[in-house]
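Residue numbers (the working numbering): 11 to 482.
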């Protein structure tokens with residue numbers, strides 16, 4: 011595994027074919043100068059960032075889902091997908107920094123570097139000032155999103171927020187709050203760039219960004235991410251200033267109160283296909299038939315007004331297995347359900363949807379004491395997506411939070427939010443322990459390779475570089 015300490019040497023891997031061989035730069039090791047001079051260079055860099063983003067999503071939602079007791083990963087021939095994630099190391103019980111559950115690291119930093127490379131290439135090109143600004147806003151948005159993914163996975167351990175200019179000088183770790191502040195600052199800076207970015211990007215995006223493919227519309231996606239970051243930061247110490255900012259951010263996003271599933275599903279998506287050379291959705295059961303659903307969603311599901319039918323989110327998203335499936339290693343935690351969220355390998359996967367935006371606004375308004383506004387958004391989701399009766403009131407204390415967490419659990423099932431939400435509200439202890447000896451991880455560890463790369467030469471293994479102390 012590559013570490014961020016070595017990221018000064020990372021480059022974007024791209025391939026290209028052309029009969030004009032002498033005119034094709036080496037895209038497997040591109041230079042900013044070469045990319046800025048080639049007409050296709052900016053497009054290839056942008057496409058490469060989107061491909062990398064898509065490639066990292068399935069693993070993240072799966073890992074977060076396992077930690078948040080939404081998902082079982084019963085890879086047939088390797089019990090480490092259970093042991094490394096749900097049991098880990100002892101004394102104290104924790105995830106192994108050298109094991110399976112230490113990922114979601116170097117790929118995120120590599121794409122942050124790719125975003126910086128794109129900005130450099132655009133600035134060195136003959137693009138117009140507005141086009142350069144549009145590229146900067148687009149790239150900084152992806153930089154910030156990757157940083158958000160990183161801090162969500164490591165939380166109180168903190169993360170580096172900068173890409174080192176030289177491999178020998180790794181960027182320092184910063185606190186969780188500083189990481190969220192930096193991500194929000196990047197998104198806010200990107201907002202200004204996008205506003206000055208003219209009417210079109212100097213590259214194209216795939217169909218998953220239909221409706222978000224101009225600087226003005228992409229800005230709505232940017233503001234949705236800023237809102238999510240501010241809501242999370244609000245619950246971890248920032249409080250009302252962040253919640254107020256989140257409500258403002260959401261007003262600039264693509265949020266809609268239209269009570270239809272089409273409206274709730276609105277948002278940018280990663281797309282997949284089975285075409286040769288393209289990528290498939292790895293979380294489709296058709297593609298990888300060892301990813302199962304935890305039964306907690308079924309256990310907690312409320313009934314529709316008929317008093318019999320379960321919450322429609324459970325009905326739509328889960329399928330009961332004809333025969334329960336046990337994990338490798340004969341551990342007594344048989345899976346009884348699978349997901350039907352991605353019915354085919356070509357099913358698109360959302361980055362963020364309007365349904366989540368409504369729930370974020372409900373949470374922010376609830377925290378601010380605006381329970382009437384919060385209840386209105388909550389009931390749009392509850393009645394439309396769950397087909398449940400609307401709530402009559404929303405309390406200001408723990409009972410109100412219970413209601414919000416219920417809707418978020420089932421609306422955003424297998425979208426990578428449950429573990430983060432339960433942790434930031436101090437509720438990890440409410441997640442089930444399926445069998446004795448298991449535990450609920452609070453954070454993913456800093457990869458051992460990262461810690462080793464930061465350890466002073468000649469220092470013993472017992473010397474933990476700054477940022478790696480939390481692995482113990």
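Quick reminder that beta carbons are idealized off the backbone N, C-alpha and C, glycines included.
What number of angstroms, rounded off, separates the C-alpha of residue i from the C-alpha of residue j?
i	j	result
residue 117	residue 65	9 Å
residue 22	residue 158	Here the model assigns residue 22 a pLDDT of 45, short of 50, so the residue's position is not dependable and the matter cannot be decided.
residue 179	residue 443	42 Å
residue 226	residue 203	10 Å
residue 58	residue 86	32 Å
residue 337	residue 466	41 Å
residue 313	residue 331	21 Å
residue 140	residue 74	38 Å
residue 168	residue 103	20 Å
residue 287	residue 48	24 Å
residue 468	residue 243	39 Å
residue 456	residue 481	7 Å
residue 471	residue 45	42 Å
residue 355	residue 298	9 Å
residue 128	residue 187	27 Å
residue 153	residue 318	46 Å
residue 411	residue 377	9 Å
residue 238	residue 50	34 Å
residue 82	residue 43	46 Å
residue 162	residue 430	7 Å
residue 105	residue 165	14 Å
residue 476	residue 183	7 Å
residue 406	residue 379	7 Å
residue 175	residue 196	19 Å
residue 208	residue 388	36 Å
residue 67	residue 391	24 Å
residue 269	residue 479	48 Å
residue 251	residue 309	36 Å
Which residues share a DSSP beta bridge with residue i?
i	result
residue 8	Given that the chain is displayed from residue 11 to residue 482, the structure contains no residue 8 and the question cannot be resolved.
residue 279	360
residue 330	347
residue 183	170
residue 320	313
Are the beta-carbon atoms belonging to residue i and residue j less than 9 Å from one another?
i	j	result
residue 232	residue 201	yes
residue 417	residue 372	yes
residue 348	residue 311	no
residue 404	residue 384	yes
residue 246	residue 343	no
residue 194	residue 181	no
residue 177	residue 461	no
residue 115	residue 160	yes
residue 275	residue 363	yes
residue 448	residue 96	yes
residue 450	residue 77	yes
residue 79	residue 428	yes
residue 464	residue 395	no
residue 359	residue 305	no
residue 213	residue 228	no
residue 441	residue 369	no
residue 256	residue 236	yes
residue 119	residue 300	no
residue 112	residue 415	no
In three-state DSSP terms, what is residue i?
i	result
residue 102	coil
residue 473	coil
residue 335	strand
residue 286	coil
residue 136	coil
residue 265	coil
residue 455	coil
residue 435	coil
residue 20	Bear in mind that the predicted position of residue 20 carries a pLDDT of just 40, short of 50, making it unreliable; the figure below should be weighed with that in mind. Coil at residue 20, not helix or strand.
residue 242	helix
residue 478	coil
Given 8 Å as the limit, tell me if residue i has its C-beta closer than that to any heavy atom belonging to the ligand GTP.
i	result
residue 161	Although the ligand GTP was asked about, the structure shown includes no ligands whatsoever.
Original post:
Whole alpha helix (DSSP H) runs in the segment 353-413 with 4 or more residues, listed along the chain?
Top reply: 364-377 and 381-395
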